[in-house]
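K.L.:
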DNA sequence: CCATTATTGTC
DNA sequence: ACAATAATG
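Residue numbers (the numbering used here): 1 to 485.
1) The alpha helix (DSSP H) spanning residue 537 covers which residue range?
2) Residue range of the beta strand (DSSP E) that residue 507 falls in?
3) Does the beta-carbon distance from residue 299 to residue 386 come in below 8 Å?
4) Return yes when the Cβ of residue 118 is within less than 8 Å of the Cβ of residue 89, no when it is not.
5) Cα separation between residue 220 and residue 244?
6) Is there contact between the segment 247-259 and the segment 14-27, where contact requires at least three CB pairs shorter than 8 Å?
7) With a 10 Å radius around its C-beta and 16 neighbouring C-beta atoms as the bar for buried, classify residue 446 as buried or exposed.
8) On the premise that residue 27 lies in contact with residue 258, defined as a C-beta separation below 8 Å, what is that separation, rounded to the nearest angstrom?
9) Taking residue 476 as the reference, which of 333, 261, 413, 309 has the closest Cα?
10) DSSP three-state call for residue 437: helix, strand or coil?
11) From the DSSP secondary-structure annotation, give me the bridge partner or partners of residue 37.
12) Given residue 267, which residues of its chain have a CB within under 7 Å of its CB, disregarding the five upstream and five downstream residues?
13) Would residue 143 pass as a contact of residue 159 if the rule is Cβ separation under 8 Å?
14) Buried or exposed: where does residue 471 fall if 16 or more other Cβ atoms within 10 Å of its Cβ makes it buried?
15) Tell me which residue opens and which closes the alpha helix (DSSP H) that residue 405 is part of.
16) For a test of the three-state rule: what should DSSP assign to residue 442, helix, strand or coil?
17) Can residue 38 and residue 79 be called in contact, C-beta distance under 8 Å?
18) Whose CA, out of 329, 304, 61, 47, lies closest to the CA of residue 151?
19) Buried or exposed: residue 12, going by 16 or more other Cβ atoms within 10 Å of its Cβ?
20) Is it buried or exposed for residue 426, if we count other Cβ within 10 angstroms and need 16 for buried?
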C-alpha cells in the first residue's frame, strides 16, 4: 500500500482514552506512517459539554502527567490546548500542516456535535478524519431490541450484549510512534489549575490513588489474580472492600473495557464462572449507562421516567449540607459520605444507601446528589453517574415494580456486620459495641456513656426518623400521581 | 411466650 | 427492598 502523504502529520486527539495499549485511534495513527501530533484539549466553552468536577480535575492532572511521560518515552510530546475544541484543532492544523486526524469516539450530545463539526471541517478540505470505537465494547446505538428500540431495562440489554458476540481482543500498543518534531504551542498543566490550593483537600485522595495507565494496568492485574474470585460474594461488603477500584481508570480510559473483559474471562483457573460473570456484568452496566445517555441526552437533568415530573421534591439547605458533610446521624450514611470526601470514591453498596437516603428520606432532588457526586468523585462519569442516580431515585431505568426505599439501619446490619466500615470513617463511634453501630440512638445510655458518645454533641442525632421518612416518601409518591388540576 | 425465619404484597 | 404477617420451634 502506498502512503502518499506519509510526511504530513496526523493529529491524534486524546480525550477519555489516556492510554497506549488497546487504543485503536493511536494504532491507526501509528500505522499511517505519518508523524504524530498528540494533543489533549481542555474545552469548557463548547455547548452542552459538562464542566468537570473538582475531584476529576485532580485525577486528570495526574493522568495527563503520566500519559505525557508515556508518550515522551516514545519520543512524542503531548500538546495541551484549551478553548473550544473546533478552534484548537483548526489552530493545530494550521500550525502543523496536518492533513489527517483521528480519535476514539465519545458519547453525549455536546461531545458528538463538536466531533461531527471537526470531522466536517476536515472532510470539506478533502482531508482524513477517522473515529474509532475504544471507550465501549459495543456502540450504544447498535444495541437494539427486536423492534429496533433502545433498551430501558438492564437484563434484556445484557442478554442482547451477549448475543452480539464477545468483544474483540485488545490491540497491542504500537511498536513505535513517529513523532512530529516541529515546535507547537502548548499550554502547561499548571496553566489549567486543576489542583486544589486553598484549601488543598487532595492529600487524602492522593494517598489512595495513582492515576495513569501503568497504575491502572497493575491494579487490574492484581485484582484479577487476587480478588476477582470472591467478587460475587464479597462485592457488597464495604468493610473488607474487595472491589477492583478500576472505575476512575476506566473513566479516563487509562485501561480499556476490552482489556478488562478479556482479563476477567481469562481468569478461569482462579475465579469460577459465577464470579467472572458477575464482574463482567458490572462492566456492562457501564455500557448500559452510555446506552441510556445516547438515547436520552438529558439524562443528568431530566427524569428518565416522566411520571416523576410532578414529584414534590423538598428544598432544605440544612438537610443537604448534613448529607454532604456526613452528619445525618445515620452511621452508614455518614461513613459513606465521609469516605467520598476523604478518598474521592465510595463503595457501590454505600452509594446506593446514601443515594436512597438523600432522595427518599430527605426528599431532596436526585439532581442535588448527582451534582455532589460529580464534583467529589474521582470516577465521576458523564453516563454512569446520572444513570445510577436515576436508578436509585426510582426515576430511572429500573425493573423493580415497587418504590425502593433502603432502610439504612438494616443495610448497615446486613452489609457492615462487624462495623468495620462505620468505625473506619466515623471514628467518634469506634468505642461503641458493634451491635449498636447501625442505630446508636437505640443504644442503652450506659453503653453510649462508656463509649464517650453524647448524641447531639459528639455525634448527631438522626435528622429524620426512618419510619416517618419512609411514610412521607410513599405519601409524596402518591401525591405526585394525583392528576394536576 | 418470644425470637427467629419464611411468605407475601407493595410502590 | 422492605415490612407486615404467618409459621415455626
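Even for Gly, the Cβ is constructed at its ideal location relative to N, Cα and C.
Predicted model only: the values in this text are computed from it and were never measured.
P.N.:
According to the structure data:
1) There is no way to answer for residue 537, as the model of the chain reaches only from 1 to 485.
2) A query on residue 507 cannot be resolved here, the shown segment of the chain reaching from 1 to 485 and no further.
3) Yes; because the gap between Cβ atoms is below 8 Å, this pair is in contact.
4) Yes, the pair counts as a contact, with Cβ atoms nearer than the cut-off.
5) When rounded, the distance between both Cα atoms is 7 Å.
6) Segments in contact, yes.
7) Residue 446 is classed as exposed because its beta carbon has fewer than 16 other beta carbons within 10 Å across all chains shown.
8) Going by Cβ atoms, the distance from residue 258 to residue 27 rounds to 13 Å, so no, they are not a contact pair.
9) Closest option to residue 476, judged by alpha-carbon separation, among 333, 261, 413, 309: 309.
10) Residue state, collapsed to three classes: coil.
11) Under DSSP, residue 37 takes part in a beta bridge, and its partners are 11.
12) The residues are 224, 228, 276.
13) For residue 143 and residue 159, no; Cβs fall outside 8 Å.
14) Of the other Cβ atoms in all chains shown, fewer than 16 fall within 10 Å of the Cβ of residue 471; this residue is therefore exposed.
15) Careful: residue 405 lies outside any alpha helix (DSSP H) and carries neither H nor E.
16) Secondary structure of residue 442 (DSSP, three-state): helix.
17) The Cβ-Cβ distance between residue 38 and residue 79 falls below 8 Å.
18) When each option's Cα is compared against that of residue 151, the closest is 304.
19) Residue 12 comes out buried.
20) Per the 10 Å Cβ criterion, buried.
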